[in-house]
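The sequence shown stops at residue 121 when you use my numbering, and every number in between is there.
Ideal placement from N, C-alpha and C gives every residue a C-beta, glycine not left out.
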Amino acid sequence: MERNFVRVAGASEIPVGSMKKVNYEGVDVLIVNVNGHYYALRDNCPLLGGDFSEGTLNGEIIACQQHRAKFNVTTGKFASNVRFPSLHPKVPDVETYDVLVENGEIMIKPLTHEHAR
């Protein structure tokens with residue numbers, strides 16, 4: 005069943021290089037603005053459960069504050085972890101969302117399998 009996009013924030017609320025935690029259907033989702041492009045990912049690190057919204061954003065890479073695991077916000081893929089390098093092949097991707105910006109409003113919906121990165 006195809007879901008519709010749901011408004012979660014105004015684009016002006018999230019300047020370039022910043023992020024904002026929003027609630028989408030009971031799930032905390034992080035909206036990130038990378039060079040004017042918006043990305044959405046679940047605000048929960050799959051490694052140990054830390055909130056990405058408490059971490060740091062550097063370009064397309066977000067670091068979990070809890071243990072410094074890094075993920076690419078554009079794809080949800082694990083990037084690195086200096087504290088636990090042997091975990092790399094075992095770390096699952098972060099759940100990402102489709103993002104649509106219309107009339108200054110950011111809307112998201114879960115990625116379908118056809119659109120998954």
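query: Separation of K81 from P19, as counted between CA atoms; result: 23 Å
query: For S16, the three-state DSSP class (helix, strand or coil); result: helix
query: Enclosing beta strand (DSSP E) for L34 [first to last residue]; result: 31-38
query: Pairwise C-alpha distance: P50 and D97; result: 7 Å
query: Contact under 7 Å by Cβ, L61 with M23; result: yes
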